[in-house]
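Structure record follows, encoded as structure tokens.
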Amino acid sequence: MEEMILSLRGIRKSFGDAEVLKGISLDVKQGEFITLLGSSGCGKTTTLRIIAGLEQPDEGRVILEGKDVTREEPHKRDVNTVFQSYALFPHMDVASNVAYGLKIRKVPKEEQKKRVKEVLQLVQLEGFGKRKPSELSGGQRQRVAIARAIVNNPRVLLLDEPLGALDLQLRRQMQLELKRLQKKLGITFIYITHDQEEAINMSDRIVVMNAGSFEQVGTPDEVYHHPRTSFVAKFVGSANIIHEEGKTLAVRSENLLFAKQGASDKYCVRNGAVKEKSFAGGLLRVVFVLEDGTELTASRHGIDTDVREGEQVKIGWLPEHAVEVEDDLPEEGTGNPGTGGRMPREKLEAAELKGDRS
Amino acid sequence: MRNRTKLPAVFLAAVMAVMYLPILMVVIYSFNASKLTAIWGGFSLDWYGKLFQDREIREALVNSLVVGGLSCLAAAVIGTLGALGNSRLRLRSKGAVEYIATLPIMIPEIILGMVFLAFFSLLDLPNGMLTLVIAHTAFCIPYIYMMVKARLVGMDHSLEEAARDLGATPVRTFFTVTLPLLLPAVASGCLLAFAMSFDDVIISIFVTGPKVTTLPVKIYTQMKTGVTPEINALCTVMLGVTVMVLLLSGLFRRLGRRTGQ
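Taken in sequence, the protein lines are chains A and B.
Positions 1 to 358 (UniProt numbering) are the ones given, in order, by the first sequence.
Positions 1 to 261 (UniProt numbering) are the ones given, in order, by the second sequence.
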């Protein structure tokens with residue numbers, strides 16, 4: 001068996017009456033880039049805080065390099081965190097911020113200086129040592145926060161939505177830089193995000209979280225192409241969920257075709273009306289309403305198409321593009337941020353469909 | 001809208017007249033060469049010279065500074081730890097604790113003075129320097145508590161977590177992160193408390209002994225024999241000290257706000 005650098009075993013955590021983590025388990029390999037993906041409030045930050053030791057689980061164990069550290073205090077764990085708010089010490093300059101961990105560990109002064117210089121070079125902040133955090137831009141602060149953590153050579157680096165506060169362009173650039181950094185250093189990264197693109201771009205494995213549980217753990221390819229549940233299909237692949245003969249199918253919007261006239265019998269076909277069209281991110285998105293009220297979204301290149309709003313069309317997909325998934329129980333507040341509140345109605349309909357059959 | 005622009009000016013003038021005219025009079029007459037307080041006899045610094053030659057007044061000044069300094073230090077430690085402790089609490093009694101901690105500001109001083117007197121005689125503690133410091137510490141605590149609390153509200157809790165995460169023990173975290181960030185607030189609260197201690201008469205009268213007098217008490221007792229030009233000079237000196245201390249306190253508060261961002 002491959003050696004695990006970090007293992008979570010049946011972690012449970014409640015705040016008051018709310019159960020935030022419902023018994024999660026995970027094994028992380030040395031040097032892996034793992035992303036916890038989920039919408040806000042799904043328990044991903046709590047998971048990270050439990051690994052860091054800033055929060056104690058009610059049940060379960062945290063094992064770091066084969067040693068049970070569940071009750072160990074945060075300063076005794078060989079784990080460092082990049083906080084969402086960066087948490088740079090405002091009364092220290094950049095160099096003192098970065099050197100903080102080394103100073104605590106009583107690393108000799110000369111070596112401190114050397115390592116701080118190296119790591120600032122690594123995050124492209126040479127010559128910024130004497131600046132105060134308040135004199136830096138958001139992206140620069142973020143780099144300081146990363147430098148402050150990696151200068152200690154932790155076994156595991158925890159990153160809590162480190163790019164959340166940056167604008168889109170900077171975020172894309174930092175994604176690549178972080179991934180490069182991780183490969184170069186060989187440190188295990190546990191990364192939190194609610195952005196599925198970010199997760200797919202950077203991770204070796206993605207953990208899709210929903211309401212305190214792990215929905216699916218797998219490579220980006222597995223999670224994207226073979227979602228286990230309808231939640232994963234919707235959250236990661238922005239897929240349409242279609243109920244058919246007691247089965248639940250997920251079809252991603254780019255695999256959904258539409259035309260005014262009928263299609264060949266290779267396709268599974270539905271009748272529906274065009275509800276709305278919109279252009280975003282280089283793709284045209286068309287929303288249809290089927291006769292049973294289900295809404296489907298198709299996307300294709302271009303900025304417009306010949307079908308008009310309100311028009312009756314045929315919507316179809318190839319059977320091999322439909323993935324059978326497990327149905328999620330309807331739950332509040334797990335909507336896909338990418339599809340703008342489409343889910344609640346669908347959930348309602350799913351519930352109604354079940355009711356009809358019974 | 002003429003009356004709209006005039007009214008605040010009138011109001012301001014009235015406030016200035018009521019509040020600052022008497023003060024101004026005292027300051028002016030402290031430089032009066034004439035011994036009669038009502039007649040201007042030319043500019044002179046005689047009274048200041050006399051003031052500093054007066055052994056009793058010099059002793060009273062030293063006493064005031066010592067009492068203010070010691071009680072501020074004691075109150076700084078207690079008030080800061082109190083505010084920190086209460087900010088960590090997740091109890092329903094939190095509000096009550098806070099209310100009790102700041103209550104001494106609202107209790108009439110005369111009652112506080114009597115309570116201290118009764119308390120110290122119950123303990124058989126002779127009135128003197130010790131009782132003065134204890135009483136002053138008690139009413140200084142709320143000022144520091146409130147300042148530190150206000151600072152803590154604006155402070156990012158993840159700063160302390162980051163220190164823990166980087167390997168610092170709780171004690172180390174306190175001395176390298178929490179305390180430096182709180183220091184401007186502590187200093188500001190200390191100076192405010194010092195100003196309060198420095199001009200306190202009522203509580204001090206109750207707990208002071210025959211041998212130890214503070215400056216305000218000295219002024220009060222001398223006033224019984226009438227307002228002398230010497231008193232005017234003394235008042236001006238005290239006023240200067242108080243204003244300087246308060247300005248400094250404001251400076252620290254602003255400093256704290258700046259580093260807090």
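Glycine included, C-beta positions come from ideal geometry on N, C-alpha and C.
Owing to the predicted nature of the structure, the values given are computational and were not obtained by experimental measurement.
For residue i, list the residues DSSP reports as bridge partners.
i                     : result
Ile34 (chain A)       : A:Ile190 and A:Arg205
Phe15 (chain A)       : A:Ala18
His243 (chain A)      : A:Thr248
Leu6 (chain A)        : A:Val28 and A:Leu64
Phe214 (chain A)      : A:Met209
Gln312 (chain A)      : A:Ala273
residue 262 (chain B) : Examination of residue 262 (chain B) is not possible in this model, given that chain B is present from 1 through 261 alone.
Asp160 (chain A)      : A:Ile192
His301 (chain A)      : A:Leu283
Leu257 (chain A)      : A:Gly316
For chain A, find out if any of its Cβ atoms is closer than 9 Å to the Cβ of residue i; answer yes or no.
i                : result
Asp165 (chain B) : yes
Ala150 (chain B) : no
Glu161 (chain B) : yes
Ser158 (chain B) : yes
On the premise that residue j lies in contact with residue i, defined as a C-beta separation below 8 Å, what is that separation, rounded to the nearest angstrom?
i                : j                : result
Asn80 (chain A)  : Leu157 (chain A) : 6 Å
Asp93 (chain A)  : Arg131 (chain A) : 6 Å
Gly113 (chain B) : Ile205 (chain B) : 7 Å
Phe83 (chain A)  : Ala163 (chain B) : No, Phe83 (chain A) and Ala163 (chain B) are not in contact; Cβ-Cβ is about 11 Å, not under 8 Å.
Ser25 (chain A)  : Gly43 (chain A)  : Ser25 (chain A) to Gly43 (chain A), Cβ: 14 Å. No contact.
Leu296 (chain A) : Gly272 (chain A) : 7 Å
Leu191 (chain B) : Ser249 (chain B) : 4 Å
Ala168 (chain B) : Ile104 (chain A) : 5 Å
Leu37 (chain A)  : Ala199 (chain A) : 4 Å
Ile190 (chain A) : Ile51 (chain A)  : 7 Å
Gly189 (chain B) : Ile144 (chain B) : 4 Å
Sorted by chain position, which residues of the same chain lie with C-beta nearer than 7 Å to residue i's C-beta, five sequence neighbours on each side aside?
i                : result
Glu65 (chain A)  : Ile5 and Arg155
Thr178 (chain B) : Glu160
Leu88 (chain A)  : Asn97, Pro133, Arg141, Val144 and Ala145
Against chain B, with Cβ distances strictly below 9 Å, would residue i count as a contact?
i                : result
His75 (chain A)  : yes
Val79 (chain A)  : yes
His91 (chain A)  : yes
Tyr224 (chain A) : no
Arg105 (chain A) : yes
Gly246 (chain A) : no
Ala149 (chain A) : yes
Gly66 (chain A)  : no
Ser230 (chain A) : no
Gly101 (chain A) : yes
Ala87 (chain A)  : yes
Phe235 (chain A) : no
Gln142 (chain A) : no
Asn271 (chain A) : no
Asn152 (chain A) : yes
Gln196 (chain A) : no
Gln112 (chain A) : no
Gln84 (chain A)  : yes
Asn240 (chain A) : no
Ile5 (chain A)   : no
Got a sec: does the ligand ZN put a non-hydrogen atom nearer than 8 Å to the Cβ of residue i?
i                : result
Phe189 (chain A) : For the structure depicted, the ligand ZN is absent and the ligand set is empty, with no information on it obtainable.
Spatial neighbours of residue i within its chain, please: C-beta separation below 6 Å, excluding the five flanking residues on both sides.
i                : result
Lys76 (chain A)  : none
Glu215 (chain A) : Val208, Thr229, Phe231 and Val232
Gly302 (chain A) : Leu284
Leu215 (chain B) : Ala60, Leu61 and Ser64
Leu163 (chain A) : Arg171 and Met174
Pro337 (chain A) : Caution is warranted here: a pLDDT of 39 is assigned to Pro337 (chain A), below 50, making its placement in the model unreliable, and the coordinate value is therefore given only provisionally. If we look at Pro337 (chain A) and ignore the five residues flanking it on each side, it has no Cβ neighbours.
Excluding the 5 residues flanking residue i on each side, which residues of the same chain have their C-beta closer than 8 Å to its C-beta?
i               : result
Asp58 (chain A) : Arg12, Lys13 and Ser14
Gly23 (chain A) : Gly10, Ile11, Arg12, Glu59, Gly60 and Ser213
Val69 (chain A) : Gly53, Val62, Ile63, Lys76 and Arg77
Using a C-beta cutoff of 9 Å, does residue i count as contacting chain E?
i                : result
Phe214 (chain A) : Structure shown: chain E not included; protein chains present are A and B.
Which residues of the region 166–198 of chain B have a Cβ closer than 7 Å to any Cβ of chain A? Give them in chain order.
Answer in chain order: Leu166, Gly167, Ala168, Thr169, Arg172, Val177, Pro180 and Leu181.
Please identify, using Cβ separations under 8 Å, the residues of the region 13–28 of chain A that lie next to chain B, in order along the chain.
Per Cβ criterion, the list is empty.
Using a Cβ-Cβ cut-off of less than 9 Å, list which residues of the region 35–63 of chain A approach chain B; keep chain order.
Residues passing the 9 Å Cβ filter: Arg49, Ala52, Gly53 and Leu54.
What are the residues of the region 173–191 of chain A that lie near chain B, defined by any Cβ-Cβ distance shorter than 9 Å?
Within the region 173–191 of chain A, no residue has a Cβ that lies closer than 9 Å to any Cβ of chain B.
For the region 248–261 of chain A, enumerate the residues whose C-beta is nearer than 9 Å to any C-beta of chain B, in chain order.
Hits within the stretch: zero.
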